[in-house]
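Each remark here refers to the structure printed beneath this line.
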Amino acid sequence: MRQSEVKELSVEELYEELTNNKTKLSDLKMTHVLSPLENPSEIKKVRRSIARIATEITKRELD
Numbered sequence: 001m002r003q004s005e006v007k008e009l010s011v012e013e014l015y016e017e018l019t020n021n022k023t024k025l026s027d028l029k030m031t032h033v034l035s036p037l038e039n040p041s042e043i044k045k046v047r048r049s050i051a052r053i054a055t056e057i058t059k060r061e062l063d
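Okay, so the sequence shown: first residue is 1 according to full-length UniProt numbering, each after it adds one.
Structure representation (structure tokens):
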């Protein structure tokens with residue numbers, strides 16, 4: 001998810017997206033342990049998306 005997309009979401013949507021991405025990350029990690037993923041860079045993309053969302057949530061809480 002791009003930063004511009006993250007900025008357009010409401011706080012509730014951000015929390016929902018954060019939860020979904022954390023679940024997706026844990027699923028990807030578990031799958032990768034059992035059998036290598038076809039695209040292991042997907043883990044990195046999801047992890048960065050989580051960081052973007054968490055940063056935006058923190059930024060909004062401070063404002």
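The beta-carbon is built from N, C-alpha and C at its ideal position, and this holds for glycine as well.
Have a look at N21 and R60 and give me their C-alpha separation to the nearest angstrom. 19 Å
Endpoints, alpha helix (DSSP H) assigned at R60: Its alpha helix (DSSP H) spans residues S41 to L62.
For R52, which residues from the same chain have a beta carbon less than 7 Å from its beta carbon, with the 5 sequence-adjacent residues on both sides left out? M1, Q3 and V6
Flag this pair as yes or no: are the beta carbons of I43 and L25 separated by less than 8 Å? yes
Residue span of the alpha helix (DSSP H) that contains S4, given as start and end: For S4, the enclosing alpha helix (DSSP H) stretches over residues Q3 to E8.
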